[in-house]
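Working notes, structure below.
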Amino acid sequence: MEQKKIDTYFEGRLTEAKRQFERTVDCKHTEFDDLYPYMTEQPQFFWYKRYVAWQELLTVVKIAEDLNVEWKGLFLDKQASFLEGRVLDAKVLDNWYEEQENLETEPSKNE
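Residue numbers (my numbering): 99 to 209.
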């Protein structure tokens with residue numbers, strides 16, 4: 099396969115994996131919910147599906163790196179840093195979106 103086709107393929111895979119992870123961060127429906135519909139009532143399921151989506155994203159990033167496909171341009175710098183760190187923790191979930199950080203650092207209009 100020529101490099102351009104590989105790049106295009108992995109850009110699509112990365113975009114889809116990122117979208118799935120972001121849907122889990124937002125507690126929205128994902129493909130994973132369809133696989134285990136009986137689990138959606140369990141509180142632990144939301145954490146479990148976040149870890150599954152995170153692992154999928156890390157796997158696609160790792161394969162892209164192995165094939166010398168540039169992946170960082172599809173993510174904010176902070177998000178790329180989280181992916182390089184590989185550990186999914188509350189910091190990743192709390193700070194994945196740049197907008198959340200901007201809201202926290204802006205002074206209150208009530209002050």
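Using N, Cα and C, we set each Cβ at its ideal position, and we do this for glycine too.
Alpha-carbon to alpha-carbon, residue j and residue i
i: aspartate 68; j: alanine 115; result: Outside the displayed span of the chain (99 to 209) sits residue 68, for which this structure offers no information.
i: methionine 137; j: phenylalanine 143; result: 6 angstroms
i: cysteine 125; j: leucine 165; result: 32 angstroms
i: glutamate 235; j: lysine 102; result: For the chain, the structure presents residues 99 to 209; residue 235 sits outside this window and is missing.
i: isoleucine 104; j: valine 167; result: 8 angstroms
i: glutamate 196; j: alanine 188; result: 15 angstroms
i: glutamine 153; j: threonine 106; result: 21 angstroms
i: glycine 171; j: serine 179; result: 12 angstroms
i: valine 50; j: glycine 110; result: Since the displayed the chain opens at 99 and closes at 209, residue 50 lies outside it and no answer follows.
i: leucine 155; j: glutamate 163; result: 12 angstroms
i: leucine 133; j: histidine 127; result: 11 angstroms
Three-state secondary structure assigned by DSSP to residue i
i: valine 167; result: coil
i: glutamine 96; result: Not covered by the structure: residue 96. The range shown for the chain is 99 to 209.
i: leucine 181; result: helix
i: glutamine 142; result: helix
i: tyrosine 134; result: coil
i: glutamate 109; result: helix
i: phenylalanine 119; result: helix
i: leucine 174; result: coil
i: aspartate 48; result: Outside the modelled stretch of the chain, which goes from 99 to 209, sits residue 48, for which no answer is possible.
Near the ligand GTP: residue i beta-carbon under 8 angstroms from a heavy atom
i: glutamine 153; result: Ligands in the displayed structure: none, and consequently the ligand GTP is not present.
Proximity below 9 angstroms, CB of residue i to CB of residue j
i: tryptophan 169; j: valine 123; result: no
i: lysine 119; j: isoleucine 161; result: The sequence shown places phenylalanine at residue 119, not lysine. Against a cut-off of 9 angstroms, the Cβ pair of isoleucine 161 and phenylalanine 119 comes out as no contact.
i: leucine 112; j: valine 159; result: yes
Segment contact flag, the stretch 168-176 with the stretch 141-150, C-beta cutoff 8 angstroms, min 3 pairs: no
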